[in-house]
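Enquirer: FYI, the numbering for the sequence shown is 1 to 810, going by full-length UniProt numbering.
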Amino acid sequence: MKVMKFGGTSVGSASSVLSVKRIVEAVDEPVIVVVSALGGITDKLINTSKMAAAGDASYENEFREIVYRHVEMIKEVIPEGEAQVALQRRAGELLNELKDIFQGIYLIKDLSQKTSDTIVSYGERLSSIIVAQLTGAEWYDSRRFIKTEKKHSKHVLDTDLTNSLVRETFGTLPRRALVPGFISTDKTTGEVTNLGRGGSDYTAAIIAAALDADCLEIWTDVDGFMTADPRVISTAYTISELSYVEATELCNFGAKVVYPPTIYPVCHKNIPILVKNTFNPDGVGTVIKQEVSHSQSKAIKGISSINDTSLITVQGLGMVGVIGVNYRIFKALAKNGISVFLVSQASSENSTSIGVRNADADLACEVLNEEFAKEIEMGEISPIQAEKNLATVAIVGENMKHTPGIAGKLFGTLGRNGINVIACAQGASETNISFVVDNRLLRKSLNVIHDSFFLSEYQVLNLFICGIGTVGGSLIEQIHSQRRKLMHENGLQLNVVGIADANKAMFSREGLDLERFREELQAKGKESSLETLRNEIIGMNIFNSVFVDCTASADVASLYKDLLLHNISVVAANKIAASSAYDNYRELKQIARQRGVKYLFETNVGAGLPIINTINDLIHSGDKILKIEAILSGTLNYIFNKISADVPFSKTIRLAQEERYSEPDPRIDLSGKDVIRKLVILAREAGYRLEQSDVETNLFVPDDFFEGSLDDFWKKVPSLDADFETRRRVLEAENKHWRFVAKLEDGKASVGLQEVASNHPFYGLEGSNNIILLTTERYKEYPMMIQGYGAGAGVTAAGVFADIMSIANV
Ligand code: ADP
Ligand code: ASP
Ligand code: MG
Numbered sequence: 001m002k003v004m005k006f007g008g009t010s011v012g013s014a015s016s017v018l019s020v021k022r023i024v025e026a027v028d029e030p031v032i033v034v035v036s037a038l039g040g041i042t043d044k045l046i047n048t049s050k051m052a053a054a055g056d057a058s059y060e061n062e063f064r065e066i067v068y069r070h071v072e073m074i075k076e077v078i079p080e081g082e083a084q085v086a087l088q089r090r091a092g093e094l095l096n097e098l099k100d101i102f103q104g105i106y107l108i109k110d111l112s113q114k115t116s117d118t119i120v121s122y123g124e125r126l127s128s129i130i131v132a133q134l135t136g137a138e139w140y141d142s143r144r145f146i147k148t149e150k151k152h153s154k155h156v157l158d159t160d161l162t163n164s165l166v167r168e169t170f171g172t173l174p175r176r177a178l179v180p181g182f183i184s185t186d187k188t189t190g191e192v193t194n195l196g197r198g199g200s201d202y203t204a205a206i207i208a209a210a211l212d213a214d215c216l217e218i219w220t221d222v223d224g225f226m227t228a229d230p231r232v233i234s235t236a237y238t239i240s241e242l243s244y245v246e247a248t249e250l251c252n253f254g255a256k257v258v259y260p261p262t263i264y265p266v267c268h269k270n271i272p273i274l275v276k277n278t279f280n281p282d283g284v285g286t287v288i289k290q291e292v293s294h295s296q297s298k299a300i301k302g303i304s305s306i307n308d309t310s311l312i313t314v315q316g317l318g319m320v321g322v323i324g325v326n327y328r329i330f331k332a333l334a335k336n337g338i339s340v341f342l343v344s345q346a347s348s349e350n351s352t353s354i355g356v357r358n359a360d361a362d363l364a365c366e367v368l369n370e371e372f373a374k375e376i377e378m379g380e381i382s383p384i385q386a387e388k389n390l391a392t393v394a395i396v397g398e399n400m401k402h403t404p405g406i407a408g409k410l411f412g413t414l415g416r417n418g419i420n421v422i423a424c425a426q427g428a429s430e431t432n433i434s435f436v437v438d439n440r441l442l443r444k445s446l447n448v449i450h451d452s453f454f455l456s457e458y459q460v461l462n463l464f465i466c467g468i469g470t471v472g473g474s475l476i477e478q479i480h481s482q483r484r485k486l487m488h489e490n491g492l493q494l495n496v497v498g499i500a501d502a503n504k505a506m507f508s509r510e511g512l513d514l515e516r517f518r519e520e521l522q523a524k525g526k527e528s529s530l531e532t533l534r535n536e537i538i539g540m541n542i543f544n545s546v547f548v549d550c551t552a553s554a555d556v557a558s559l560y561k562d563l564l565l566h567n568i569s570v571v572a573a574n575k576i577a578a579s580s581a582y583d584n585y586r587e588l589k590q591i592a593r594q595r596g597v598k599y600l601f602e603t604n605v606g607a608g609l610p611i612i613n614t615i616n617d618l619i620h621s622g623d624k625i626l627k628i629e630a631i632l633s634g635t636l637n638y639i640f641n642k643i644s645a646d647v648p649f650s651k652t653i654r655l656a657q658e659e660r661y662s663e664p665d666p667r668i669d670l671s672g673k674d675v676i677r678k679l680v681i682l683a684r685e686a687g688y689r690l691e692q693s694d695v696e697t698n699l700f701v702p703d704d705f706f707e708g709s710l711d712d713f714w715k716k717v718p719s720l721d722a723d724f725e726t727r728r729r730v731l732e733a734e735n736k737h738w739r740f741v742a743k744l745e746d747g748k749a750s751v752g753l754q755e756v757a758s759n760h761p762f763y764g765l766e767g768s769n770n771i772i773l774l775t776t777e778r779y780k781e782y783p784m785m786i787q788g789y790g791a792g793a794g795v796t797a798a799g800v801f802a803d804i805m806s807i808a809n810v
């Protein structure tokens, strides 16, 4: 025989109740069906009682809804006729009793525990007669055989008495029995009690264990036990097998899919529990049993959490070495019926932290302050207070026992995401590591853990892209076209969760549509300033986030520090921060290192060419950069390749802008500023402390051309054409080329126009290409050379993309 339990979610609507009927009728063997109250009714009963007790006359409306739900349910699921009339009458009697009780409460404005327990029992009493009628099952009254006794002001099961009564009741099994879950009676007074919220699961387990059932089935509204609460983690998936220990650990920490006490009685008898979905009966579900195969499964099985946690810390130097402090703490709490679900004690013995429910926190402090009143007065122990509004998270899995480094990975992942752990505990059984965090960080904690332990099918990176000009725009297009492939081949999901331009911004936790991002930003983006952008990104508090700066804005660069401090990685195509004051550059790199996030800017020099990474690799492997010689401006190289008798100097600048090689303001290129910035960045990465003002310059456009507006510049620049043409002819006759060269040697940096002869490696550098020669201790005689496209939106965006990918580390 088997026992099947259908939860409130399975008997919430007429259509779900009809699925229950189909599922039950398909069972061939004898079966005992346990049901909860119709979904939401227990909450409504509690709420209505509270309203009545508070003298709020509108309790009647709440009550009317309770009546309506049952009357309608009967109408919808029981065919018209005598049976329906009889059932309506029976339900009507129960509802009338309930009405009288509520009226009594309203009149005397008092709600005792006893009355409250009586009221909630009507939920299961009503639902069970409906389902019994519907499935043609014989109805049994669980109040007659589920017996409780009072311990520490709580009703707890009297197991022996209950077992023998259950065996007696079901001595001969009917083909189909129906039992209301949750409700019970006190073994001495006979008063109605219950097994606690969610207790129908327990009723079913008690019956299954007492009768040595072959299987206990828990039918609910999800496909089984999942890796995490599916309402919080969208990528959570069903776990096919769990051991009793794992299931106990998970549901003790809030995975409400199974009520925690449920597991023990059946585990004791080695009866498997099958968790199934009433709305998808063909789904495989989860089986919970003694032995599960751990060989191929992941290090952890699942994550669960409780979000209304308080932490109470008993501390004081006077506690060190004193025997019995913990005994007194737990005795005082137990006497008052306060349950403790996490304990953490420092080995110095001067503090013990205890996790309790928020609802128990005040009472717990009160009893502990009383217990230790003397010590507190003597100053040996500090007055005891509760830290409220915390959440407790547990990661669970029997495989943890065999795998070193789980705790390291767990706390590393949390740390990198800026999540501060307030307390933690791991039992010696090593099947559960629990930790306490601020309530507001719960969602993020669950997400990062789910992600990092590969419980999710994919690793997720959440990107905020700022700037949708040529580089940002190409980047988004590249992400859009690569996304599916990355997901399938690399298990990486790139979510663009924010896009901003200079005026507007849009955000979505689930990821934005990249197909029409420009139109969407125009139509739906919110007006945004630097301040709102910062607040929104930090406020979203999203895990594994990366801020991608595709602007050339100093304002945007000023955000990095704050973002890094909030554990958001930064990938910048923008050169301003890395070339700003040396101390600022160092600070950003240091913060990134301390926070375990990345600050990457490979595209600051040579667009997509791997220059900075190469320098880093050389240095990390012990090499030393002796000299750098390079052409680092795509724009300038293009200009000096383009200039000819037919194309005067001023025209080449226009062309470079049209090709989108130049900075938005081409004077940044022509003044050498862009190259100075790049050289400074390279020098710093090579280990030299260099400021922009340290770089010597030999320019080719007089300084006064850079004063005034961009318009003035465009008007004035053709006046240089004639002089350039004269000099160009001389150069042509000498068979030389102009190259704008950046150089670092012996820590001294310079940029300037040089005339190079045909035997120089820079002579033949075409188009907007860049070239860099690295002379190092290892590459001394023949310097290392990197060469290729040094400008252009496509290659720059690809370089930014590569930086993003290196953060994912796939
Ligand atoms: P029932 O009414 O059937 O007893 P509950 O609402 O008590 O159902 O429990 C089922 C719910 O538990 C699911 O709808 C889901 O939202 C929630 N839940 C929380 N954690 C988990 C988890 N790890 N796996 C599955 N469901 C979970
Ligand atoms: N109806 C009760 C509750 O909502 C018991 C149960 O559903 O298991 O808590
Ligand atoms: Mg439940």
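Even glycine gets a Cβ: it sits at the ideal position worked out from N, Cα and C.
For the beta strand (DSSP E) that F435 lies in, which residues bound it at each end?
Expert: N432 to D438 is the extent of the beta strand (DSSP E) around F435.
Enquirer: For a test of the three-state rule: what should DSSP assign to K575, helix, strand or coil?
Expert: The answer is coil: DSSP assigns K575 none of H, G, I, E or B.
Enquirer: Give a yes or no on whether the C-beta atoms belonging to G123 and K5 are separated by under 8 angstroms.
Expert: No, the Cβ-Cβ distance between G123 and K5 is not below 8 angstroms.
Enquirer: Whole angstroms is fine: what's the gap from K256's alpha carbon to R516's?
Expert: Rounded to whole angstroms, K256 to R516 spans 41 angstroms at the Cα level.
Enquirer: Pull the bridge partners of F649 from the DSSP assignment, please.
Expert: Partner(s): none; F649 has no beta bridge.
Enquirer: Cβ-heavy atom distance between K256 and the ligand MG below 7 angstroms?
Expert: Yes.
Enquirer: Please list, in chain order, all residues with a C-beta atom less than 5 angstroms from at least one heavy atom of the ligand MG.
Expert: Any residue whose Cβ sits closer than 5 angstroms to a heavy atom of the ligand MG makes the list: G7 and G198.
Enquirer: The beta strand (DSSP E) that contains A757, what's its start and end?
Expert: Per DSSP, A757 belongs to the beta strand (DSSP E) from K748 to A757.
Enquirer: Just list the residues that DSSP pairs M785 with in beta bridges.
Expert: Answer by DSSP bridge pairing, in chain order: L773.
Enquirer: Assign D223 to buried or exposed, taking buried as 16 or more other Cβ atoms, counted over all protein chains shown, within 10 Å of its Cβ.
Expert: Counting Cβ neighbours within 10 Å, D223 comes out buried, since at least 16 surround it.
Enquirer: Considering Cα atoms alone, identify which of G8, L463, L765 and V31 is closest to E510.
Expert: Here the closest residue by C-alpha is L463.
Enquirer: Secondary structure at A386, three-state DSSP: helix, strand or coil?
Expert: Looking at A386 - three-state DSSP - the assignment turns out to be strand.
Enquirer: Taking the beta strand (DSSP E) that A423 falls in, what are its first and last residues?
Expert: First-last of the beta strand (DSSP E) with A423: A423 to Q426.
Enquirer: Quick one: complete alpha helix (DSSP H) runs, 4+ long, within the segment 188-253?
Expert: Fully enclosed alpha helix (DSSP H) runs of 4 or longer: 200-210 and 244-252.
Enquirer: Exposed or buried, which one is D669 when buried takes at least 16 other CB atoms within 10 Å?
Expert: Looking at its Cβ environment, which holds 16 or more other Cβ atoms inside 10 Å, D669 is buried.
Enquirer: How about V17 and V77: do their beta carbons lie closer than 8 angstroms?
Expert: Yes. Within cutoff.
Enquirer: Is it the case that the CB of A204 approaches a heavy atom of the ligand GDP more closely than 7 angstroms?
Expert: Ligands displayed in this structure: the ligand ADP, the ligand ASP and the ligand MG; the ligand GDP is not among them.
Enquirer: Are the CB atoms of D308 and R357 within a distance shorter than 8 angstroms?
Expert: Closer than 8 angstroms, so yes.
Enquirer: Compare the beta carbon distance of S184 and V35 with 8 angstroms and say whether it is the shorter of the two.
Expert: No. Outside cutoff.
Enquirer: Could you check if S184 belongs to the surroundings of the ligand ASP, using beta carbon to heavy atom distance under 7 angstroms?
Expert: No; taking the cut-off as 7 angstroms, the Cβ of S184 has no heavy atom of the ligand ASP nearer than that.
Enquirer: Check whether the Cβ of V120 sits closer than 7 angstroms to any heavy atom of the ligand ADP, and report yes or no.
Expert: No, the Cβ of V120 stays beyond 7 angstroms of every heavy atom of the ligand ADP.
Enquirer: Would you check if the segment 670-682 and the segment 697-709 touch, i.e. whether three or more CB-CB distances between them fall below 8 angstroms?
Expert: Flag = yes, the segment 697-709 and the segment 670-682 touch.
Enquirer: Would you call H737 buried or exposed, if buried means 16 or more other Cβ atoms sit within 10 Å of its Cβ?
Expert: Classification for H737: buried.
Enquirer: So A247 and I288 are supposed to be a Cβ contact under 8 angstroms. How far apart are they, rounded?
Expert: Rounded, the Cβ-Cβ distance is 4 angstroms, consistent with contact.
Enquirer: Among T48, G55 and Q590, which one has its Cα closest to the Cα of E65?
Expert: The residue with the shortest Cα to Cα distance from E65 is T48.
Enquirer: When the distance is taken between beta carbons, is E149 closer than 8 angstroms to R176?
Expert: No, these two residues do not count as a Cβ contact at 8 angstroms.
Enquirer: Can you tell me whether H402 is helix, strand or coil according to DSSP?
Expert: Note: H402 maps to helix in three-state DSSP.
Enquirer: Do the CB positions of L333 and A364 come within less than 8 angstroms of each other?
Expert: In this structure, A364 lies closer than 8 angstroms to L333 by Cβ.
Enquirer: I need the straight-line Cα distance from V67 to I46, nearest angstrom please.
Expert: If I take the Cα positions, the gap works out to 15 angstroms.
Enquirer: Helix, strand or coil for D186? Go by DSSP, reduced to three states.
Expert: In the structure shown, D186 sits in a strand (DSSP, three-state: E or B).
Enquirer: Report the rounded CA-to-CA distance for A53 versus L111, giving the unit in angstroms.
Expert: Answer to the nearest angstrom: the Cα atoms are 6 angstroms apart.
Enquirer: Considering only residues of the same chain and omitting the five flanking positions on each side of I105, which have a CB-CB separation below 8 angstroms?
Expert: Answer for I105: S49, A52, A53, L111 and T115, listed in chain order.
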